Each structure stands twice: as structure tokens, then as C-alpha cells.
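Using full-length UniProt numbering, read the sequence shown as starting at 1 and increasing by one per residue. What follows is one structure encoded as C-alpha cells, with my remarks underneath.
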Amino acid sequence: MGEDTDGSGGVFVSWTRADTDRHGPLGHLVDALRDLGVPVWVDDAGIGPFDSVPDRVREGLAASRVVLAWYSHAYPTRRACREELTLALLAAERAGQGAGRVLVVNPESGMGHVLEGRLLERRFAGPDDLADLPGLAARIADRVPAHPVPFGALPAPGRPRWYGGAGWEGSSIRFVGRLGQLWAVHDRLHRTTGLAGPGAAGRSVAVVSGFGGMGKSLLAAEYAHLFADCYPGGVVWLSAAGNDPTGTPPSPEQTRAAADTQIAAVATALEIDVAGLDPDTVRERVKTALDERGQPVLWIADDLPTGLDAAGLDAWRCPAAVVHEIITTRDRAHSKLDRVDLDELSDADALALLTQGRPLLNEELEQARLLAEDLGHHPLACDVAGLYLAGTGTTFTAYRRRLNADLGRFDQLAARLADQLPGGHARQITATLATSLNGLGKDAWTLLRLTGQLAPTAIPRRLIADVFARRGASSDAEDGGKGGDEAEDAVDRALLDPHRDGLFSADPATQTVLVHVLVRAAAILLDPHPDDQAPTRAAAVTALLDQFGDAADDVRRHPPLTDLAAHARHLTTTSEPLLDVDAVRLLALLARYDLEAGRPALAAQEYERTLVQVERLLGPDHPDTLITRGDLAFAYQDAGRLDQALPLYERTLADRDRLQGPDHPHTLTSRGNLAAAYHAAGRLDQALPLFERTLADHERLLGPDHPATLTSRNNVAAAYHDAGRTTEALPLHERTLTDVERLLGPDHPHTLGSRHNLAFAYRAAGRLDEALPLYERTLADRERILGPDHPDTVTSRGNLAQGYGAAGRLTEALPLYERTLADFKRLLGPDHPATLASRGALAFAYQDAGRLDQALPLYERTLADHERLQGPDHPHTLTSRSNVAAAYHAAGRLDEALPLFERTLADHERLQGPDHPHTLTSRSNVAAAYHAAGRLDEALPLYERTLADRERILGPGHPATLTSREALAAAYRAAGRTDEASALYERNLTEPGGAR
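Structure (C-alpha cells):
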């Protein structure tokens with residue numbers, strides 16, 4: 001029978017034929033309404049138990065003014081009923097007319113089956129009202145004129161824009177019930193809506209928690225589709241894959257890296273250029289982009305691991321004002337966040353999954369109820385069992401007999417999954433999984449065997465096909481090494497296996513496969529051919545080696561690796577202490593991948609593990625061991641851990657000198673790396689001889705024009721500059737620029753970089769008349785060649801501002817400083833190191849211009865940002881703290897300046913040693929503050945020590961030494977020690993560069 005469409009502009013009836021007689025009380029109520037002249041729209045065509053609302057029904061609902069839901073026992077188990085009611089509630093809420101447009105008749109004697117009772121409590125008519133159908137019809141009819149306009153355009157069907165979350169973009173066709181929890185989630189995400197009631201405004205979050213297989217991810221996906229119209233900005237889905245009972249738990253750094261990788265993929269999908277950006281900046285760019293679009297976004301962080309601290313939790317969240325967040329996890333410890341707990345299904349919902357909507361006779365219905373009890377109303381188990389029963393034609397009686405015949409066989413698996421499953425039913429649930437797994441064909445088992453070796457997250461089909469090809473996976477042949485076409489056919493057979501339903505799912509849109517973590521764990525332990533697991537793992541490792549080997553060291557080629565990184569991590573993170581050669585190679589590539597992506601802490605961990613394995617496999621003197629040790633040193637240095645980097649650099653150089661000789665290219669590279677590390681540590685007395693020797697060796701072995709020689713020459717020049725040997729640095733910078741221009745041309749990026757270095761050297765030497773034209777030319781060239789928004793161009797703009805500032809041309813400098821800060825903030829985000837440095841430079845310029853009221857807030861914010869982003873001990877944080885102290889000093893706020901100066905000095909001595917140039921500067925600052933505070937007895941020893949150290953370390957004529965000598969002379973004079981002061985002033989006049 002077709003739908004009764006005599007309802008335009010009247011009452012829309014939402015009902016299910018599953019347990020309602022259309023010709024019983026419902027039919028009589030419809031007739032009574034029509035007798036009163038009320039148009040009624042009723043769908044009599046029938047909708048499947050797991051089918052969505054068809055277009056014809058949506059059109060009928062849109063044309064109606066009032067919805068009447070016949071809320072029988074089966075009503076909340078039918079997908080279409082759930083969608084009809086939710087669409088009506090959302091449409092009424094959007095129109096601000098929720099109170100009278102959605103009416104509910106409960107024909108049952110109780111309220112236990114009503115899942116969203118709190119939302120509908122004022123809209124109910126019960127069995128007593130049905131005793132007077134004419135009276136009930138009259139009350140319903142009275143509601144229609146109160147709403148003269150039909151519902152009209154309904155919330156859009158569940159096709160939101162989807163970012164990330166491969167495999168979840170399509171809603172599950174077998175999601176049942178959970179209506180109360182869906183509305184509980186909506187309540188928490190929209191606490192200020194009329195339906196949900198009043199609540200606190202601000203960042204909204206709902207935590208969905210429960211045991212494994214309870215449907216947490218399904219609930220989040222169903223909510224995203226059912227309430228899609230509330231989120232026109234789209235749905236962002238991040239998958240943490242945080243609960244794997246078969247593997248080693250990921251480290252906090254690995255968890256953070258997984259979040260970084262997926263957020264970068266979201267940024268790319270949002271058309272944000274993230275090339276070369278560090279993870280924190282990418283996050284800020286995503287936040288800014290979402291806020292600028294101004295449309296509500298649903299942000300789902302799925303399957304977060306248990307035990308995350310606040311920082312670990314925040315790694316998966318987004319602070320954008322437009323974001324509403326759902327977090328799914330098995331951890332119920334996040335008590336500060338609004339939680340929605342998922343437990344077992346109701347009787348009706350469990351039966352709906354087990355029967356798959358099929359009508360049953362009384363005896364079989366009773367057996368189905370008993371099976372639901374056996375399975376503890378566990379959603380995944382009921383779904384798997386129901387699909388198996390429907391696909392094989394097995395009776396419920398026979399299934400229960402088989403299930404309970406030998407439960408002891410599953411004790412090991414049940415024990416393995418005990419903390420993942422609700423108590424009391426673990427053996428029955430695992431037996432259910434085993435029954436379905438036993439029906440799979442060879443190709444499907446090959447697929448599951450592979451998923452057991454990979455991470456419990458979406459698996460790209462291309463990776464599956466690659467492994468199948470390497471393994472020769474085919475149900476028609478036993479030999480290996482099959483070609484790509486045959487492997488693709490085998491994957492198709494696996495994905496179309498008649499017994500696959502409920503065990504794994506394929507998403508054709510994203511070309512990925514999802515396997516529930518419980519199914520995956522069961523498949524590992526119940527594998528009929530466990531000896532095939534190791535070869536499958538090896539094939540997966542070699543497949544990923546090929547992918548990462550081509551792209552790990554080039555961040556521009558990282559996007560195709562995004563959906564593979566989790567699987568590479570899983571394969572190289574194992575409880576076994578020994579990795580094979582290929583797995584070690586993959587681990588080294590992962591470390592490079594993370595280092596290039598701006599995750600040096602994680603890269604250092606991975607290089608540490610790589611070094612242990614390489615030394616075990618190849619010995620301490622193998623060339624690959626030396627390379628790995630050098631890579632680890634570089635990762636330590638990049639992470640700010642110079643104290644750990646330097647011994648590794650030193651050992652690597654010594655080993656290469658011994659094993660490969662002093663002239664081997666790798667030895668020269670090691671010598672240059674050690675020199676650069678000494679330079680970074682402020683140990684110029686050790687850095688310079690190494691830089692000089694490396695340059696001489698490169699010139700002798702490779703010639704003066706080799707790129708390595710030019711790089712070496714630039715390094716020597718920079719070290720000379722920092723050592724105050726400007727007269728030696730400048731000719732090297734000039735020669736390097738000449739050579740690069742001759743070899744690469746005037747517009748090559750390396751030429752522009754060399755021109756910038758020479759300009760910087762001229763400025764440091766006080767030759768501003770030569771520096772400024774170079775700065776101006778470099779900026780003009782970079783704007784022409786790279787564009788005005790390229791980071792190098794913005795950097796040049798900031799450097800020109802510094803040049804103008806040094807020349808006293810503050811009216812020209814300040815606009816450039818301000819533009820540079822605005823550009824870095826716009827392009828790289830407010831937390832990027834370049835943005836922080838630019839903010840500090842602008843603060844300095846404001847201070848130089850006498851605008852301390854503008855400088856101080858910038859200094860203070862920059863310090864707070866450095867402490868938040870890089871920690872209290874990072875060199876940039878120490879510099880920033882010193883800048884704040886100096887500004888307080890300049891403002892006459894010595895009581896605030898002194899503690900900061902003292903803390904900074906203590907930190908420099910602790911972290912960088914007493915002889916580091918920054919430590920000497922910090923000691924001089926404390927002395928000056930004591931001097932200004934009238935504490936000369938404390939200032940003088942610090943001035944004297946600083947001068948002695950600078951003469952010893954930097955030499956008597958270094959500009960910093962001259963400054964120290966003059967400061968000590970001024971202090972002596974203030975103390976009445978004029979003879980000593982005069983001697984120091986005279987000494988300065990006799991030093992080269994000291995005449996003033």
C-alpha cells in the first residue's frame with residue numbers, strides 16, 4: 001500500500017508497522033482527525049528497519065504543520081522513526097516553536113521504552129487518552145491552527161562536509177536505539193538551546209565513554225549524520241586508535257604525533273598551506289581558519305587512550321570558538337568534562353540487531369531474547385551474531401546450542417579481552433566472534449591477518465593490495481609473488497566475503513577498511529594459520545619501507561604518508577626487544593619523517609631505539625651505526641638537548657676519523673656538525689678550529705666552488721662574527737656572495753641568503769651605509785621572486801626594519817616591524833617561533849622609540865608564550881625573560897626587574913655553563929641592575945668577573961669586552977675609585993676598535 005498523502009498542511013504521523021496495527025487505535029485516531037477536517041499524512045508504503053527516511057517522507061514532513069509520533073515499543077528501534085522525530089524536533093527548535101509542534105502518543109502501559117523522555121515529557125498522551133479518541137483528536141486538531149506555516153525546509157540530510165576519519169564518513173545502516181544518548185550528546189553540545197534547557201555558554205564538549213564494542217564511535221558517527229544541519233562548517237574526525245589489547249600502548253609522544261599528523265591532513269583538506277610549518281602552527285592555522293569561516297563545526301576525537309593527562313587530551317582538541325567537541329574513550333576518568341556513558345543495549349534494541357528486523361515465531365523469539373541475555377546485550381556481539389544468523393539461516397536455538405557447547409575453549413581470548421568487555425559475558429561474546437570468523441574464506445582471513453599486524457585504525461586499500469601482492473594472497477593459488485591485478489582481485493574477494501558483515505567494513509569513498517579492535521584481537525588468537533602472521537608482518541614492513549623511503553626526508557612529500565604513519569609506528573613499536581633489519585630501517589625512516597615534520601622529541605626517541613637495534617645488528621663501528629648516532633645527535637640538538645647531542649657528535653667524529661680517515665666526506669660532515677653544535681653551545685674556542693679545518697679540507701678535496709665548500713665558508717664567517725672578529729668575517733661573507741652569484745646567478749635563493757648574511761655582517765660592523773642597500777635589494781628581490789608572503793620575504797622585511805632601527809630611522813623601521821609581525825601572525829600563526837621573535841623585535845623598537853607603554857605588554861606576552869610553548873628552560877625563553885627584565889629596568893621598576901635578572905643568570909649558569917656568551921651578558925645585566933639600585937658592593941664583583949671572563953673567552957678587543965670594561969669603569973667611578981676607572985677608560989682607547 002502506498003503512502004496516504006492527504007496531509008499537506010496538517011498532521012504528519014510517524015509510526016512503525018513492526019508492532020502497530022495500522023487499522024487499530026492509530027487508524028481510528030487518524031480517522032477521527034480527518035472527520036474534524038484535519039489533513040493527515042501517513043506513510044503506508046513501509047520502510048526497512050535499518051533504512052533512512054526516503055525523500056517522499058521528508059517531503060510529507062516538510063509540508064506538515066504538526067508531527068504526531070506513535071511511540072510504541074518498537075518505535076525507537078527503527079532508524080526511520082528516529083530520524084523523523086529528530087528532524088521534526090530540530091526543525092521546531094530552529095523555528096523557536098518546539099513546545100507545540102511535536103506531539104507524542106505513547107500507547108504502552110509504561111515509559112521504560114521512551115529514550116528521550118526528558119525532552120518530550122510535556123508532549124505525551126498515554127493509554128488513558130486513547131480511551132477517548134475523539135477528545136484526543138480534538139486536542140491535536142487545536143494545535144494545527146496555532147502553527148499556520150508548515151515545517152518547510154528540513155535540516156539537510158546527513159551528508160556533512162567531512163574532514164578526516166576515513167571509514168566513518170558513511171553512517172552505519174545498522175545503528176539502533178541510543179536515542180536518549182544521542183540527545184544527551186546534543187544537550188551537552190548545545191546547552192543554550194530551547195529544547196535542551198539553559199546551561200553554561202562557551203566551549204562545549206561531550207565525552208562518550210564505555211567498554212569496547214559498545215558503539216562509542218558509531219554513536220559519534222550517527223550523531224554527526226543525524227544532526228548534520230547543526231554543523232554547516234562540517235565534521236572533523238580524528239582517530240586516536242588508543243586501545244589495542246594486542247600491542248604495546250603508544251607513548252605520549254607517539255599519541256601526540258598521531259594527532260599532529262591527522263590535524264595536518266585536516267588543514268590540507270581545509271586548503272591551508274602547511275608546507276614547512278611546525279605542528280603547533282598548523283593547529284593555530286586550523287583554529288584561525290575555522291573561526292574566520294564562522295560556521296559551527298563538529299570536532300570528533302575518537303577512541304582516545306586511557307590515562308591521558310590534560311596536555312595529552314588537549315592534543316586532540318581544537319580551541320576554536322565555533323567548535324563543538326565529541327570525545328570517545330574507554331576512560332571514565334575525565335570527570336571535569338560532561339560524560340555520556342554507553343552501557344548495554346535495551347532488550348528491544350538488542351533484539352533488533354539479533355533479528356535484523358525479521359519477524360519471529362514465539363519459540364524463536366524467546367530463544368533470541370535468551371541469546372541477547374547470553375551476550376549481555378553487547379552491541380557488537382549482537383550485531384555480529386545477527387548478521388551471521390541472517391546470512392547462514394541458522395536458527396537461534398541451534399546458534400545458542402553451538403555457542404554454549406564449549407565455552408571453555410575461549411577462556412584465553414576472554415582473559416585477554418577482560419578489561420575491554422563488560423563482566424560476566426566475555427566468553428559468550430568472544431565465542432560469538434569466533435563463530436563468525438570461522439565462516440570466512442581464505443582471502444578474508446588474509447585481510448584480517450594483516451589488520452592484526454597494523455594499527456587499529458583505518459587501513460588504506462592501496463596498502464592492503466600492496467601486501468597481498470607481496471604475499472601472493474589468492475584463494476585460487478598457493479604460490480607467492482602475485483601481480484597487482486591478481487592481488488586487487490583477492491582484495492575484492494576479501495571485502496565481498498559473504499560472512500564479512502559485522503567483522504569489517506570497507507568505505508569506497510575513502511578506499512579504506514575498518515576492523516573493530518575486538519574483532520582484530522580475536523582474529524589474532526583464533527587465526528587458523530598463525531605461522532602466516534610473521535610473513536604478513538614482513539610484507540607490510542617492506543611495503544611501508546618503499547613508501548617512506550621515497551618521501552620521509554622531504555616534508556613537501558609527506559601528505560601521502562599521513563594515513564600510513566600510524567601503521568608504520570605500530571609495526572616498529574613492539575613488546576619484542578629485537579627488530580629485524582627491515583623494521584629497523586622503517587623505524588629510522590619514521591624518525592626522519594618526524595624530524596622533518598617538526599617533532600624532534602619524538603624523532604629523538606625513535607633514533608634512540610634505532611641506534612640500539614643498529615648496534616645490535618651491525619656493531620658499533622658499522623657506517624650505518626655512525627650515521628644513526630649522528631642523526632640522534634642532530635635530533636637532540638633540534639630538541640634543545642645540546643648536553644646530550646655534544647657527546648654523540650664527539651664520538652661520531654672520533655669514530656669516523658678512526659674508521660674512515662680524516663678526509664672521508666662523512667668525516668668532514670661530522671666535523672662540521674660538531675663545530676656547529678659547539679657554536680650553538682657558545683663554545684666558540686672549540687668551534688672555530690673545527691670550522692676552519694673543515695673549510696680547508698673542503699677546499700683541498702672538493703675545490704673552492706663546491707656547495708659544501710661554500711657552506712663551510714659561510715659557517716666560518718658566522719663564527720668569526722660571533723667571536724668579534726669582524727675584519728676576518730667580512731671578506732669571507734663577501735667572497736661567498738661573489739662565488740654564489742657567479743655559480744648560481746643573482747636570483748638563486750642561496751644567492752639571496754648570502755646577500756642577507758653579508759648585510760647582517762655589515763650592520764654588525766657598524767657599516768650601515770653598506771648594509772642597508774643590501775637589505776633593501778634582498779627584500780626587493782625576494783618580493784619579486786618569492787612573493788610578498790613567502791617566509792623568507794617576511795624575514796627580509798624584518799631585517800630591513802632592524803637595519804633602519806640601527807641607523808636611527810625609526811619612522812621607517814616601525815611600520816616594517818609592525819607589518820612583519822602582522823604577516824608572520826597571519827601566515828604562520830601567533831605561536832610560531834618567527835612570530836614570537838618578531839613580536840620581541842617590535843617590542844624592542846617601541847622601547848627604542850621611548851614607547852615603553854607599548855613595549856612592555858609585547859615583551860610580557862612574548863615571555864608567556866615562550867614559557868607555554870617551549871618551556872621555562874629553552875634559550876629563547878631565557879632571552880625573553882631577560883628582555884622583560886631590561887624593560888622593567890628602563891621603566892624604573894627595579895623591584896620587578898631584579899628577580900627576573902637573577903633568575904635568568906641562575907638559569908644560564910645551570911643550563912649553558914658559566915662561560916657561555918649569554919651567561920656573561922646575563923651576569924652583566926644583574927650587575928647593572930645592582931648598580932642602578934645603589935648596591936655597588938654587589939655590582940662590582942659581578943662587573944669584574946664578567947670583564948675577566950670576556951677578556952679570557954672573547955679577547956680584549958671584542959666589542960662585548962669593551963662594553964664590560966666601560967661598565968666596570970663607570971662603577972669604579974661611582975664608588976669613588978677614580979684611578980681604577982681612568983685606567984680602564986684609557987685601556988679601551990688603546991684597544992683596536994676601542995676609540996670612541
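Ideal Cβ placement from N, Cα and C applies to all residues, glycine included. None of the values given here were measured: they were computed from a predicted structure.
- By alpha-carbon distance to Arg839, the top candidate from Gln847, Arg416, Leu821 is Leu821.
- Nearest C-alpha to Pro535 among Tyr649, Leu450, Gln547: Leu450.
- Contact between Glu84 and Val53 holds, with the beta-carbon distance rounding to 6 Å and staying under 8 Å.
- Three or more Cβ pairs closer than 8 Å define a contact, and the stretch 724-736 falls short of that threshold against the stretch 924-937.
- Secondary structure at Ser982: helix, using DSSP grouped into helix, strand and coil.
- Inclusion of Leu920 and Thr946 in the CB contact set at 8 Å is warranted, their separation being smaller than that value.
- Distance from the Cα of Ala975 is smallest, within the candidate group Pro956, Pro941, Ile953, for Pro941.
- According to DSSP, Thr778 shares a beta bridge with no other residue.
- Nearest to Pro623 by C-alpha distance, out of Ile140, Arg656, Gly386, Ala604, is Arg656.
- The Cβ atoms of Leu345 and His377 sit closer than 8 Å to each other.
- Contact check between the stretch 845-852 and the stretch 830-837: fewer than three CB pairs, one atom from each, fall below 8 Å, which does not count as touching.
- Secondary structure note for Tyr163: its beta strand (DSSP E) is the uninterrupted segment 162-164.
- Ile327 and Leu182 have their C-alpha atoms spaced approximately 14 Å apart.
- DSSP, reduced to helix, strand and coil, places Pro250 outside both helices and strands of the structure shown, so it counts as coil.
- One Cα belongs to Ala141, the other to Leu226, and the distance between them is close to 29 Å.
- Cα atoms of Arg767 and Leu590: separation of roughly 47 Å, rounded to the nearest angstrom.
- Here His558 is buried: its Cβ has 16 or more other Cβ atoms, across all protein chains shown, within 10 Å.
- Fully enclosed alpha helix (DSSP H) runs of no fewer than 4 residues occupy 707-722, 726-744, 749-764 of the stretch 701-774, in order along the chain.
- Membership of Arg416 in the alpha helix (DSSP H) is indicated by the continuous run 411-416.
- Between Asp331 and Leu290, the CB-CB gap reaches or exceeds 8 Å.
- By the Cβ-count criterion, Ser239 is buried, with 16 or more other Cβ atoms from all chains shown falling within 10 Å of its own Cβ.
- Nearest neighbour of Gly955 by Cα position, chosen from Ala220, Asn988, Leu936, Ser251, turns out to be Asn988.
- Spatial neighbours of Gly213 in its own chain (CB-CB distance under 8 Å, excluding positions within 5 residues in sequence) are listed in chain order as His378, Pro379, Leu380, Ala381, Gln420, Leu421, Ile429, His516, Leu518.
- Under the Cβ criterion (8 Å, minimum of three pairs), the stretch 54-68 counts as touching the stretch 7-21.
- With a 10 Å radius around the Cβ and a threshold of 16 neighbouring Cβ atoms, Val149 comes out exposed.
- The shortest CA-to-CA distance from Ala887 to any of His324, Val513, Glu860 is the one to Glu860.
- Under the three-state reduction of DSSP output, His324 falls in the strand class.
- A direct Cα-to-Cα measurement between Pro749 and Ala891 gives close to 42 Å.
- For Val104, the uninterrupted beta strand (DSSP E) run begins and ends at 102-105, by DSSP.
- Sorting Arg910, Gly60, Arg784 by C-alpha distance to the C-alpha of Asp643 places Arg910 at the top.
- For Phe12, the three-state secondary structure derived from DSSP is strand.
- Shown here, Ser505 sits in a strand according to DSSP, grouped into three states.
- Going by beta carbons, Ala677 and Ala645 fall inside the 8 Å limit.
- Looking at the backbone, the Cα of Leu564 and that of Phe504 are separated by about 19 Å.
- Taking the CA atoms as reference points, Ala723 sits about 7 Å from His958.
- Residues Ala465 of the same chain have their beta carbon placed closer than 6 Å to that of Glu488, with the five preceding and five following residues left out of the count.
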